[in-house]
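Position 42 of the sequence shown, counted from 1, bears residue number 57 in the numbering used here, the numbering being contiguous throughout.
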Amino acid sequence: MQWNRHKEAKQTIKEIFQRLDRYRIIHYSCQSFNRVENGKSTIIAAIAIYLPQYDRTESFDIQSTAEYLNIEYKDINKNLEKIEKVLLKNFFEFIRKNTDQKYLHWNMRNSKYGFQALSNRYMALVHQKPEYEIPSDKCINIAAVLENYYGVGYVSDPKIKHLIEKNFNVRPGNLLYGEEEA
């Protein structure tokens, strides 16, 4: 059984590298992985989508969106919901225009952290479903692919941190973990 998962993961990795133009790498940061004290869904602080064939990143973040809306830095907190609504509208518009792409992600798989969490937050702010959501068959969980390829326990938690430490060619720049990220 592990051999079959390994072969499938190997094929997935091969396809990704052969057709980088079909893939985007997505990650986002949020206020928390749980609902906050007031019972509302967690604030989305930033969403980044890396386009590997262009070596470019599309960013949707609170600060840039505030600047676009001519909201001064000191006024961001009191306009946070308005800013976040535009951030999410821009993100969902971007993916609507890129429906042929597949999205590589790291454990973005549920309503606490994932594509469903982004959609839920959009619906909470805009009071309607996004016009386009990324279908499940276009989402590839790289954490699962690596586990299927190398086997369970191939690296200890936190996996991204330890993978970076094991790969000398990777320089994380401003990589933040957990609460540092939000």
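Even glycine gets a Cβ: it sits at the ideal position worked out from N, Cα and C.
TODO: Could you name each continuous alpha helix (DSSP H) segment of 4 residues or more that falls completely within the region 94-157, going from the start of the chain to the end?
DONE: Correct list: 95-111 and 130-141.
Task: Pair within 8 Å by beta-carbon distance, valine 75 and asparagine 105 - done: The amino acid occupying residue 75 in the given sequence is phenylalanine; valine does not appear at that position. The answer is yes: Cβ separation under 8 Å.
Open item on the list: Checking 8 Å against the spacing of the C-beta atoms, do leucine 66 and glutamate 73 come in under that value?
Closed with: With a cutoff of 8 Å on beta-carbon distance, leucine 66 and glutamate 73 are scored as near each other.
Open item on the list: What does the alpha-carbon distance come out to for the pair asparagine 163 and arginine 71?
Closed with: So the two alpha carbons sit approximately 29 Å from each other.
Open item on the list: Please report the distance separating the alpha-carbon of isoleucine 149 from that of asparagine 182.
Closed with: Taking C-alpha positions only, isoleucine 149 is separated from asparagine 182 by approximately 31 Å.
Open item on the list: Assuming glutamate 87 is part of the beta strand (DSSP E), what are its boundary residues?
Closed with: Neither: glutamate 87 is in no beta strand (DSSP E) and is coded neither H nor E.
Task: Spatial distance of glutamine 131 from asparagine 125 (CA atoms) - done: Taking the straight line from one Cα to the other gives about 6 Å.
Open item on the list: Using a 10 Å radius around the Cβ and a threshold of 16 neighbouring Cβ atoms, would you call leucine 35 buried or exposed?
Closed with: Exposed is the call here.
Open item on the list: Distance check for tyrosine 43 and isoleucine 175, CA to CA, integer angstroms please.
Closed with: So the two alpha carbons sit approximately 14 Å from each other.
- [ ] Would you identify the three-state DSSP class for arginine 37, choosing helix, strand or coil?
- [x] Reduced to three states, the DSSP call for arginine 37 is helix.
- [ ] Could you have a look at threonine 80 and say whether DSSP puts it in helix, strand or coil?
- [x] DSSP places threonine 80 in the helix class (H, G or I) of the three-state scheme.
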